[in-house]
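One structure is given here, and the rest of the page talks about it.
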Amino acid sequence: GENVEQHPSTLSVQEGDSAVIKCTYSDSASNYFPWYKQELGKGPQLIIDIRSNVGEKKDQRIAVTLNKTAKHFSLHITETQPEDSAVYFCAASTEGNNRLAFGKGNQVVVIP
Amino acid sequence: KAGVTQTPRYLIKTRGQQVTLSCSPISGHRSVSWYQQTPGQGLQFLFEYFSETQRNKGNFPGRFSGRQFSNSRSEMNVSTLELGDSALYLCASSYSGGETQYFGPGTRFLVL
Numbered sequence: 001g002e003n004v005e006q007h008p009s010t011l012s013v014q015e016g017d018s019a020v021i022k023c024t025y026s027d028s029a030s031n032y033f034p035w036y037k038q039e040l041g042k043g044p045q046l047i048i049d050i051r052s053n054v055g056e057k058k059d060q061r062i063a064v065t066l067n068k069t070a071k072h073f074s075l076h077i078t079e080t081q082p083e084d085s086a087v088y089f090c091a092a093s094t095e096g097n098n099r100l101a102f103g104k105g106n107q108v109v110v111i112p
Numbered sequence: 001k002a003g004v005t006q007t008p009r010y011l012i013k014t015r016g017q018q019v020t021l022s023c024s025p026i027s028g029h030r031s032v033s034w035y036q037q038t039p040g041q042g043l044q045f046l047f048e049y050f051s052e053t054q055r056n057k058g059n060f061p062g063r064f065s066g067r068q069f070s071n072s073r074s075e076m077n078v079s080t081l082e083l084g085d086s087a088l089y090l091c092a093s094s095y096s097g098g099e100t101q102y103f104g105p106g107t108r109f110l111v112l
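Read top to bottom, the protein sequences are chains A and B. Each residue of the first sequence is one higher than the last, beginning at 1 in our numbering. Each residue of the second sequence is one higher than the last, beginning at 1 in our numbering.
Shown next, in the form of structure tokens:
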């Protein structure tokens with residue numbers, strides 16, 4: 001099955017700096033890549049997703065890039081704010097399939 | 001539009017018992033997926049139900065089962081509880097397959 005790896009496990013950034021989280025996947029058939037943010041005591045919340053027919057997608061301070069050849073995708077958060085502190089999960093699935101394979105998560109800490 | 005709701009939010013059981021968790025999807029969503037989240041294994045896919053039928057299944061023992069009703073609400077049952085079943089159980093809903101999944105707040109479950 002699909003194996004998704006996520007690096008680094010913990011990331012500390014100064015407020016206002018950028019944060020980048022990278023994920024790799026193993027199944028070349030995967031074509032849907034969502035990113036979720038999970039705050040303490042809550043369920044994961046979708047923040048952005050990308051499908052394999054595009055290489056980059058942006059939504060305000062958040063962007064995701066996808067490199068199908070290298071089988072990796074990254075989350076970029078610019079101008080970080082304290083409320084960005086959370087655990088971020090990347091995931092992958094194939095067309096028409098709701099079975100998401102998740103990475104282990106990144107703890108992002110934004111230092112005021 | 002109301003989000004995904006899960007009941008109960010917290011639950012304590014003892015080994016050998018069984019438990020039933022409930023998930024109500026977003027109105028209009030017909031697919032419900034269940035995930036187990038633990039510190040060691042992360043987020044793992046349990047199964048997915050669509051139109052009252054199990055459409056996909058993860059690598060969990062037969063003690064984990066589920067069902068979906070005609071109104072798309074879903075239940076997950078775990079029989080003969082083991083200490084290792086302690087986890088956060090999340091459900092996610094989507095319209096059909098391969099689309100954005102929205103997670104509920106989860107049921108935090110402890111087996112003593």
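Every residue, glycine too, gets a C-beta built ideally from N, C-alpha and C.
**OP:** Compare the C-beta of B/Leu90 against all C-beta atoms of chain A and say whether one is closer than 7 Å.
**Re:** yes
Original post:
Do we get a CB-CB distance below 7 Å when we pair B/Glu52 with the residues of chain A?
Top reply: no
**OP:** Could you tell me whether the segment 39-53 of chain B touches the segment 86-105 of chain A, using the rule of 3 or more Cβ pairs below 8 Å?
**Re:** yes
Subject >> A/Thr94 versus B/Gly3 - alpha carbon distance >> reply: 25 Å
**OP:** Select from A/Ala91, A/Ser12, A/Ser74 and A/Ser9 the residue whose C-alpha is nearest the C-alpha of A/Ile62.
**Re:** A/Ser74
Original post:
Residues of chain B with a CB under 9 Å from the CB of A/Asp49: which are they?
Top reply: Thr100
Subject >> Interface residues of the segment 70-96 of chain A facing chain B [CB-CB below 9 Å] >> reply: Phe89, Ala91, Ser93, Thr94, Glu95 and Gly96
**OP:** Note down the Cα distance separating A/Gln81 from A/Asn98, rounded to an integer number of angstroms.
**Re:** 32 Å
**OP:** Using beta-carbon positions only, say whether B/Tyr49 and B/Ser74 come within less than 7 Å of one another.
**Re:** yes
**OP:** Please specify which runs of the beta strand (DSSP E), each continuous and at least 3 residues long, are wholly inside the segment 6-42 of chain B, giving them in chain order.
**Re:** 10-13, 19-24 and 31-38
Original post:
Can you list the residues of chain B that A/Lys104 reaches, using a CB-CB cut of under 8 Å?
Top reply: Gly42
Original post:
Counting only beta-carbon atoms, is B/Ser24 nearer than 7 Å to chain A?
Top reply: no
**OP:** State buried or exposed for A/Gln6, treating a residue as buried only when at least 16 other CB atoms are found within 10 Å of its CB.
**Re:** buried
**OP:** Give the secondary structure of A/Asp59 by DSSP, where H, G and I count as helix, E and B as strand, and everything else as coil.
**Re:** strand
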